Amino acid sequence: MNDQRLRFRAFLAVVIATLLVALAPIAVTGLLGKVLPEALIATSDKVTTGLVTLLGTIGGLLFRQSQPDAAAGPVVPR
């Protein structure tokens with residue numbers, strides 16, 4: 023697999039993980055009718071924030087427009 027495809031798969035994996043962690047307390051509270059402890063909800067919020075940060079980093083790498091300086095060509099000494 024090439025790097026672009028692997029980065030895209032990582033991007034999708036983080037999107038899915040973020041959605042699962044963010045929606046889990048809502049699903050448990052709404053569908054099952056159970057009350058979750060505040061600590062568990064706070065942990066879910068912190069994990070969601072971390073995953074969104076990771077998502078932004080992966081998205082920045084995946085969708086960047088410019089190539090690294092190495093793609094500009096070799097440096098010729100004078």
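With positions in the sequence shown counted from 1, the corresponding number in the working numbering is that position plus 22.
Backbone N, C-alpha and C fix where the C-beta goes; we use that ideal spot for every residue, glycine too.
What you are looking at is a predicted structure, and each value in this text was computed from that prediction instead of being measured.
**Prompt:** Using the rule of at least 16 other Cβ atoms within 10 Å of the residue's Cβ for burial, across every protein chain shown, is T70 buried or exposed?
**Reply:** buried
**Request:** Decide if the region 25-32 is in contact with the region 66-86; the criterion is three or more beta carbon pairs, one per stretch, under 8 Å apart.
**Result:** yes
**Sequence-distant residues of its chain with Cβ nearer than 7 Å to V102 (five each side left out)** = The displayed coordinates of the chain run from 23 to 100. Any statement about residue 102 would go beyond what the structure contains.
**Message:** Taking the straight line between their C-alpha atoms, what separation do you get for V43 and D25?
**Reply:** 27 Å
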